[in-house]
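With my numbering, the residue at position 73 of the sequence shown is 60, and numbering never jumps. To start, the structure itself, in structure tokens.
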Amino acid sequence: MLGIDDLSATDHDEIRQTIIGWTDELVSLKHDAWLERWAEDAVLMPPGAQRIVGHNELAKFAAAFEPTPGYRFENWEFAGSGDMAIVCNQIILTGNSQSEDQDVHFNQIIVLVRKKQIWKIQAVIFTPTKP
């Protein structure tokens, strides 16, 4: 359990759909739509790389991303209150260029903020993990 979760079931659904849509847009190379889901001063912290800050740097990251035929999420956990939420989950990428015959697993921590009634990605930390 992450901690206090005062968010409603509707908030959980909206947050989950934000993360799924955000992931769909990245893996299908819809960079503009993907970028719109991020807060302006957002931070992405990929493993083994420097942190990526702001829309300009995020756009460069997205442009270098290779298509991934499939993915799935597991182990969703939510915490939050008001206009801030934290989600932990695991994403499993299937059939990507890193490994054609094996799934690649990542643990994710995603921080979201609600701005004008829309959940935006504020920060993402992800690390590779073994199944």
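Quick reminder that beta carbons are idealized off the backbone N, C-alpha and C, glycines included. Every value quoted in this text rests on a predicted model; they were computed, and no experiment measured them.
For this session: To the nearest angstrom, report how far apart valine 91 and glutamate 23 are at their CA atoms.
Result: Your numbering for residue 91 matches position 104 in the sequence shown. Your numbering for residue 23 matches position 36 in the sequence shown. In a straight line, the C-alpha of valine 91 is about 26 Å away from that of glutamate 23.
Exercise. Enumerated in chain order, which unbroken segments of the beta strand (DSSP E) with a length of 3 residues or greater are wholly contained in the stretch 60 to 112?
Worked result: 71 to 81, 91 to 102
For this session: Starting from the Cα of arginine 3, find the closest Cα among Ala50, Glu27, Ala51, Ile78 and give me that residue.
Result: Locating residue 3 in the sequence shown gives position 16, where the first residue counts as 1. The shortest C-alpha separation from arginine 3 is found at Ile78.
For this session: Within the same chain, show all residues whose beta-carbon is closer than 6 Å to that of threonine 5, passing over the 5 residues directly before and after it, in chain order.
Result: Residue 5 sits at position 18 when you count from the first residue of the sequence shown. Same-chain partners within the cutoff: Trp106.
Exercise. Of the residues Asp70, Val98, Phe60, which one's Cα is nearest the Cα of threonine 81?
Worked result: In the sequence shown, the residue the question calls residue 81 occupies position 94. Of the listed residues, the one whose Cα sits closest to threonine 81 is Phe60.
For this session: Thinking isoleucine 108 and leucine 99 are a contact (beta carbons under 8 Å), I'd like their distance in whole angstroms, please.
Result: By 1-based counting over the sequence shown, the position of residue 108 is 121. By 1-based counting over the sequence shown, the position of residue 99 is 112. Confirmed, about 6 Å.
Exercise. Run through DSSP, which three-state label would alanine 36 get?
Worked result: Here residue 36 refers to the residue found at position 49 of the sequence shown. Alanine 36 falls in the coil class under three-state DSSP.
Problem set entry | Contact under 8 Å by Cβ, tryptophan 21 with histidine 42 | Within the sequence shown, residue 21 is the residue found at index 34, counting from 1. Within the sequence shown, residue 42 is the residue found at index 55, counting from 1. No, the pair does not count as a contact, with Cβ atoms beyond the cut-off.
Exercise. So is alanine 36 buried or exposed if we call it buried at 16+ other beta carbons inside 10 Å?
Worked result: Here the question's residue 36 lines up with position 49 in the sequence shown. That one is exposed.
For this session: Would you give the residue range spanned by the alpha helix (DSSP H) that arginine 3 belongs to?
Result: Stepping through the sequence shown from its first residue, residue 3 is reached at position 16. Arginine 3 -> alpha helix (DSSP H) spans -4 to 14.
Exercise. Do you know offhand how far aspartate 0's Cα is from glutamine 104's?
Worked result: The residue you call residue 0 lines up with position 13 of the sequence shown. The residue you call residue 104 lines up with position 117 of the sequence shown. Roughly 14 Å between the two C-alpha positions.
For this session: Would you kindly work out how many angstroms separate the C-alpha atoms of glycine 69 and leucine -6, rounded to a whole number?
Result: The residue you call residue 69 lines up with position 82 of the sequence shown. The residue you call residue -6 lines up with position 7 of the sequence shown. Rounded to the nearest angstrom, the two C-alpha atoms are 7 Å apart.
For this session: For the alpha helix (DSSP H) holding glutamate 44, just list the boundary residues, first then last.
Result: Indexing the sequence shown from 1 puts residue 44 at position 57. Counting along the chain, the alpha helix (DSSP H) containing glutamate 44 begins and ends at 41 to 51.
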